[in-house]
Amino acid sequence: MKEAIRVVVAFNDPSAAVAQEAKLLSVAPDGRLLSEKSVSRAVDLSEIGVLEEMHAITDALTAEGYETISLPATDDVEKIIRDLHRSRPAVVFNLVESLRSESLGEMYIAGLYELLGIVYTGSPPLALGIALNKWRAKEVLSYHRIPTPRFMRVPAGEALVRAPKLSFPLIVKPSREDASAGIDEHAVVRNFKELSARVRFVHENFLEPAIVEEYIEGREFNVAIVGDRELTVLPISEIDFSEMPDYLPHIVTYESKWVPASEAFVKAKPVCPAPIPATVERKAKKIALDAYRAVGCRDYARVDMRMDAEGRLYVIEVNPNPDISRDAGFIRSARAHGWTFEETVKRIVELALARARR
6 MKEAIRVVVA FNDPSAAVAQ EAKLLSVAPD GRLLSEKSVS RAVDLSEIGV LEEMHAITDA
66 LTAEGYETIS LPATDDVEKI IRDLHRSRPA VVFNLVESLR SESLGEMYIA GLYELLGIVY
126 TGSPPLALGI ALNKWRAKEV LSYHRIPTPR FMRVPAGEAL VRAPKLSFPL IVKPSREDAS
186 AGIDEHAVVR NFKELSARVR FVHENFLEPA IVEEYIEGRE FNVAIVGDRE LTVLPISEID
246 FSEMPDYLPH IVTYESKWVP ASEAFVKAKP VCPAPIPATV ERKAKKIALD AYRAVGCRDY
306 ARVDMRMDAE GRLYVIEVNP NPDISRDAGF IRSARAHGWT FEETVKRIVE LALARARR
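Going left to right, the sequence shown walks through residues 6 to 363 as this note's numbering numbers them.
See the structure below:
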């Protein structure tokens, strides 16, 4: 009997205390949060979602005939190394998005696999690092002449003394966060006073530079891509904001991603395939492929973009480690392509294994 291929599923394991905090979030009948969540809690809430993702992937791989072992990435790097050596995986399915509560740990973990000579799924350290640093990612996109909103970087601790040479409205984001941490209903600003206050908010709460970019009012698309050397672009998904109330901006915020009881989550509705003309679809897929290659993504990634009233497309983010849990947008696109969740996960593992054989 052929021995099963061993896959270690590495993930962030949030503490029990953080999980309890998530349960204590109070929500009004209309879905608005009554108690504001802290910045640290926001990041941890997204990590709680990784638990569901890990269990789903482990179950899917087991059903496909793989031997699976789950490995929580703790703050003890030496323990991670010991656990990896002990488990002797053929491949690591990498879901780790931070280390020691730092988002930069996402690229460090991938670098650790490289140093240990372990095959792993997903993008290499450089791509993860570029994508996490929004300013650097936009520089890379601009260098490759991939359309992205005009932007500026405000170093931590520096106050804005004059209006930037950008056109309002603008959107302000932390420069080195993922999972939409730091993006809420106040992220879109329409004058210099609001801009200064929001930049100060990012500096004080995240202790990192703020990225200020021109806000593209319009439709938002997610383009999922699978592949290493040969790439498959899955059907485009759209976030439909038509039911979003006027007092909330038509953007994907932290709440719309991670707080199911919030109004933003309920009103931001994904549609896949997106109802767009074939010409727009072709253009969006080409731009997404260009962005995927420019950042150096591998195996799977998602490119987010917005389209203005004139039909111009702009890349707003390249996510080399997107959520691929059963109900995630990436898997919704895969299903629209005709792949089951299990098939999609298996394809990602097979891409990593094929790379090991080259």
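A virtual CB, placed ideally from N, CA and C, is assigned to each residue, including glycine.
State the Cα-Cα distance for the pair residue i and residue j, rounded to the nearest angstrom.
i, j, result
"V44", "H255", "Summary for V44: the model assigns pLDDT 42, below 50, so the residue's position carries little reliability; its value from the coordinates is reported in the next sentence. Roughly 21 Å between the two C-alpha positions."
"I216", "V124", "34 Å"
"R195", "R234", "43 Å"
"L29", "I135", "For L29, the predicted structure reports a pLDDT of 45, less than 50, and the residue's modelled location is therefore unreliable. A value from the coordinates is still provided. Between L29 and I135, the C-alpha separation is close to 35 Å."
"I241", "V285", "10 Å"
"V354", "H342", "18 Å"
"E58", "S75", "12 Å"
"V300", "K139", "11 Å"
"E213", "A68", "43 Å"
"P278", "A95", "35 Å"
"E222", "V14", "39 Å"
"E347", "F173", "44 Å"
"Y113", "N99", "12 Å"
"A202", "P179", "13 Å"
"V231", "A289", "16 Å"
Would you say residue i and residue j are within 8 Å of each other, going by their C-beta atoms?
i, j, result
"L133", "E119", "no"
"N227", "R307", "yes"
"E102", "N326", "yes"
"V257", "S338", "no"
"Y305", "G127", "yes"
"E322", "D309", "yes"
"L294", "Y220", "no"
Can you tell me whether residue i is buried or exposed, with buried defined as 16 or more other CB within 10 angstroms of its CB?
i, result
"S247", "exposed"
"A333", "buried"
"P265", "exposed"
"P160", "exposed"
"A283", "exposed"
Kindly indicate which three-state DSSP category residue i falls into: helix, strand or coil?
i, result
"M249", "coil"
"T349", "helix"
"L212", "coil"
"T153", "coil"
"K290", "helix"
"D295", "helix"
"R205", "helix"
"K143", "helix"
Contact between the stretch 196 to 211 and the stretch 151 to 165 (3+ Cβ pairs under 8 Å): yes
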